[in-house]
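Following: one structure in structure tokens, then a few remarks.
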Amino acid sequence: MVFQLNKNLSVSHICVLCHLPAVVIMCAGADRVREIMLAAHKRQLTNGSCMFFNVDLFNASSYGNGSWQRGDEYDDDARKAYSSLNTVTLLKTVKPEYENFSVEMRKSMERVGLYDCSDCGNVNMFLEGFHDAMLLYAIALHEALKNGYNKKNGTEITSHMWNRTFEGIAGQVSIDVNGDRNGDFSLMAMTNVEAGSYEVVANYFGVNKTFQLLSAFDSRRFTVKGRQEVNQELPQTSCELGVSALTGVTVGALLGAVMLVAFYFFRKNYRITIQRRSRADEPYCGKHHQLREDSIKSHFSAA
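The letter at position 208 of the sequence shown is residue 208 when you use full-length UniProt numbering, and the numbering goes up by one with no holes.
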């Protein structure tokens with residue numbers, strides 16, 4: 001399901017979740033995620049009958065503690081709704097080198113005029129990945145030169161990048177045999193609903209494809225309860241409109257297909273009719289052409 005960022009989210013959009021599987025995975029900005037969770041909470045979909053996951057691959061500071069707060073009248077509902085929201089993010093590191101790198105990157109952002117960036121509290125995956133990619137290239141180039149190759153031997157340099165592990169700015173970086181980086185991720189959940197605070201409850205390590213369950217992990221949080229009826233007091237017109245819209249699109253598509261087929265056969269029959277008429281008119285056209293030539297010759301002879 002795709003939402004347009006420049007349009008307001010209607011409760012009718014979230015209504016379709018009643019008919020979808022019980023696990024909802026979102027990848028959107030912090031404000032849009034809040035809208036969706038508020039709409040889901042209003043439809044009583046945050047009572048355990050659905051599991052909500054938000055994918056944050058940018059290490060943004062707008063997720064985690066206080067991410068539900070906007071200082072408006074919906075803060076309390078948002079806090080309750082976010083108690084059902086789990087956030088998948090990149091594994092956070094505590095290396096001193098990474099902290100220094102983050103400080104330098106933030107200073108660079110301020111120097112180029114990005115000081116008003118709302119999500120620049122943490123260094124995102126692109127900066128970290130670019131740093132590690134340059135480091136990997138330098139290591140591979142050094143090994144290739146050491147073996148008698150030069151910087152133009154791209155195939156040899158690339159072969160030194162694959163299927164290896166090295167120390168990156170945020171920790172160990174593992175590259176598989178296909179040259180893809182094995183990602184490490186963390187799962188965050190609201191462990192204190194009253195305070196609205198988050199903790200990392202599990203980690204995933206891509207190099208050996210293993211999970212690490214932390215002390216804050218609660219298996220009940222990741223168990224889908226039986227489906228419950230949505231609030232019947234809320235108007236159902238939005239859902240009905242959604243079904244009507246789907247029916248209209250289906251009927252419209254069928255009518256469009258019929259019209260295309262009809263146009264194809266009409267065009268084909270019209271072409272055949274024109275060709276037949278042209279062949280039937282050929283003797284008359286030839287006779288007319290001959291009469292015209294005789295008339296021209298007679299005119300010049302008289303002259």
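For glycine and all other residues, C-beta sits at the position ideal for the given N, C-alpha and C.
- The Cβ neighbour count for Phe-52, taken over all protein chains shown within 10 Å, is at least 16; the residue is labelled buried.
- If you compare the alpha carbons of Glu-99, Thr-155 and Ile-175 with that of Val-207, the shortest gap goes to Ile-175.
- Within the DSSP bridge table, the entry for Ala-189 names Asn-86 and Glu-199 as partners.
- Asp-77 places its beta carbon less than 8 Å from that of Leu-38.
- Secondary structure at Asp-184: strand, using DSSP grouped into helix, strand and coil.
- In the DSSP assignment, Met-161 falls outside any alpha helix (DSSP H) and carries neither an H nor an E.
- Straight-line measurement puts the Cα of Asn-163 at about 11 Å from the Cα of Val-173.
- For Val-55, the enclosing beta strand (DSSP E) stretches over residues 51-56.
- Residue environment for Ser-197: exposed (fewer than 16 other C-beta atoms within 10 angstroms of its C-beta).
- Membership of Leu-141 in the alpha helix (DSSP H) is indicated by the continuous run 125-146.
- For Cys-50, the closest alpha carbon among the candidates Ile-169, Val-24 and Ala-202 is that of Val-24.
- Within the DSSP secondary-structure output, Thr-210 pairs in a beta bridge with Phe-205.
- Beta bridge pairing from DSSP links Ile-36 with no other residue.
- Note that the segment 86-93 touches the segment 181-194; at least 3 beta-carbon pairs, one per stretch, sit closer than 8 Å.
- Shown here, Val-103 sits in a helix according to DSSP, grouped into three states.
- Arg-106 and Ala-202 have their alpha carbons spaced roughly 28 Å apart.
- Here Thr-210 is exposed. Its C-beta has fewer than 16 other C-beta atoms within 10 Å.
- Contact between the segment 154-170 and the segment 123-136 is present: 3 or more CB-CB pairs across the two stretches fall below 8 Å.
- By the criterion of a C-beta distance shorter than 7 Å, Ala-22 is surrounded in its chain by Ser-49, Cys-50, Met-51 and Val-224, once the five residues flanking it on both sides are discounted.
- Counting only residues of its own chain and dropping the five nearest sequence neighbours on each side, Asp-184 has a CB closer than 6 Å to the CB of Leu-91, Phe-205 and Gly-206.
- Within the DSSP secondary-structure output, Ile-175 pairs in a beta bridge with Arg-164 and Arg-181.
- Contact between Ser-83 and Val-193 holds: their C-beta atoms lie close to 5 Å from each other, under 8 Å.
- A direct Cα-Cα distance of roughly 7 Å separates Ala-144 from Glu-156.
- Its chain contains Val-55 as the residues whose beta carbon lies nearer than 6 Å to that of Cys-27, once the 5 sequence neighbours on both sides are disregarded; these appear in chain order.
- In summary, Leu-214 is exposed, with fewer than 16 beta-carbon neighbours lying within 10 Å of its beta-carbon over all protein chains present.
- By the beta-carbon neighbour count (other beta carbons within 10 angstroms, threshold 16), Glu-97 is exposed.
- Rounded to the nearest whole angstrom, the C-alpha separation of Glu-73 and Lys-80 is 13 Å.
- A distance of 8 Å or more separates the beta carbons of Ala-170 and Glu-104.
- At the C-beta level, Met-125 and Leu-57 come within 8 Å of one another.
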